[in-house]
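In this note's numbering, the protein residues as written are 538 to 874.
Have a look at the structure below, then the notes.
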């Protein structure tokens with residue numbers, strides 16, 4: 538049976554879940570997450586460390602296998618396929634269109650390979666009959682496009698700075714001309730000045746190559762700058778999903794409010810009232826009954842303790858909170874210095 542989705546969409550994530558089992562203990566890393574991605578936009582995924590955002594990204598690109606759900610993807614030919622159920626031959630073709638930029642720009646690069654071989658490896662794997670000279674010219678062109686000095690491509694990764702290594706990772710991801718890029722904390726390991734360069738590079742490449750991004754990060758100021766829409770995760774669940782401007786200025790979930798209050802503002806005249814969450818993140822192997830966030834929530838009621846909230850439409854947001862309509866939460870407006 539052929540899959541279908543709206544023609545403006547490139548990705549439709551449906552009820553993705555991932556459960557890790559070790560020594561008889563089940564850990565729900567990702568639970569029933571759904572969202573859609575339009576062609577050419579950037580979706581930000583944020584949350585505390587351990588909330589499952591990296592696992593979600595890896596399930597989507599099938600770096601790890603999801604326990605349940607679908608990932609519908611519209612290929613370059615216009616065919617809609619469930620990426621999680623295609624066979625190895627079909628998956629190899631789709632992988633050319635879906636790539637990933639990893640968090641650590643050093644550990645994701647083979648230290649025994651030169652940069653020209655690292656960037657060219659996807660070409661070699663997918664087009665083994667391509668002449669070496671043609672492959673290396675493609676690498677040189679892509680390296681120049683992402684701002685690398687092409688005279689240094691015969692060097693090894695240890696000879697480059699963090700920012701240069703991330704540019705190498707970006708060049709490797711783009712060398713096959715993909716349509717969808719999953720950026721997993723792509724700038725978190727970099728200095729602030731280098732972060733700005735890489736973010737601007739990603740935005741320029743998006744316009745130039747008509748790319749679509751799934752941008753995973755814990756840095757809300759970066760996400761606000763680069764994303765069109767943002768999803769907020771907590772303990773493996775999506776708790777809020779909305780347009781970036783709306784989510785930052787009018788959050789509807791208490792956890793989103795707490796995250797936004799922790800973002801520093803580059804203005805000494807602006808005072809942000811920090812919301813300090815009580816308690817610790819619950820154990821994902823033994824999550825609490827009801828709303829997963831209720832033990833740390835200042836607005837908790839008896840219903841929150843007993844009944845898990847469903848992700849539902851509310852004032853233009855998708856939000857999983859029983860009290861979303863009645864709470865008047867504080868927003869946050871970020872502006873570049």
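Note that the Cβ used here is the ideal one computed from N, Cα and C, for glycine as well.
Residue i in three-state terms, based on DSSP
i, result
"residue 864", "coil"
"residue 524", "Absent from the model: residue 524. The displayed extent of the chain is 538 to 874, so no value can be given."
"residue 556", "strand"
"residue 881", "Nothing can be reported for residue 881, as the shown portion of the chain is limited to 538 through 874."
"residue 565", "strand"
"residue 547", "strand"
"residue 820", "coil"
"residue 859", "coil"
"residue 906", "The requested residue 906 is not part of the displayed model; the chain covers only 538 to 874."
"residue 662", "helix"
"residue 827", "coil"
Pairwise C-alpha distance: residue j and residue i
i, j, result
"residue 572", "residue 834", "25 Å"
"residue 606", "residue 721", "21 Å"
"residue 813", "residue 798", "9 Å"
"residue 644", "residue 602", "22 Å"
"residue 611", "residue 617", "4 Å"
"residue 594", "residue 674", "31 Å"
"residue 646", "residue 655", "7 Å"
"residue 717", "residue 636", "6 Å"
"residue 589", "residue 551", "16 Å"
"residue 586", "residue 648", "27 Å"
Span of the beta strand (DSSP E) around residue i
i, result
"residue 841", "Careful: residue 841 lies outside any beta strand (DSSP E), inside the alpha helix (DSSP H) at 839 to 843."
"residue 854", "854 to 856"
"residue 717", "717 to 721"
"residue 851", "849 to 851"
Residue i: first and last residue of the uninterrupted alpha helix (DSSP H) it sits in
i, result
"residue 730", "729 to 746"
Nearest-angstrom beta carbon gap, residue j and residue i [assumed within contact, 8 Å]
i, j, result
"residue 855", "residue 864", "That belief does not hold up - the Cβ atoms of residue 855 and residue 864 are roughly 16 Å apart, past 8 Å."
"residue 768", "residue 580", "7 Å"
"residue 738", "residue 684", "6 Å"
"residue 727", "residue 699", "5 Å"
"residue 708", "residue 680", "5 Å"
"residue 860", "residue 838", "7 Å"
"residue 623", "residue 653", "Rounded, the Cβ-Cβ distance is 31 Å, inconsistent with contact."
"residue 657", "residue 633", "Incorrect: roughly 14 Å between the Cβ atoms, too far for contact."
Contact test: residue i Cβ vs the ligand NAP heavy atom, cutoff 7 Å
i, result
"residue 573", "In terms of ligand content, the structure shown is empty, and the ligand NAP therefore cannot be addressed."
- Write down every uninterrupted run of the alpha helix (DSSP H) in the segment 749 to 796 whose length is 4 residues or greater and which is fully enclosed by it, in chain order. 757 to 763 and 781 to 786
- Any chance you could list the alpha helix (DSSP H) runs of at least 4 consecutive residues sitting entirely within the segment 669 to 710, in chain order? 669 to 682
- Item | Segments assigned alpha helix (DSSP H), at least 4 residues, entirely inside the segment 567 to 655 | 590 to 597 and 625 to 632
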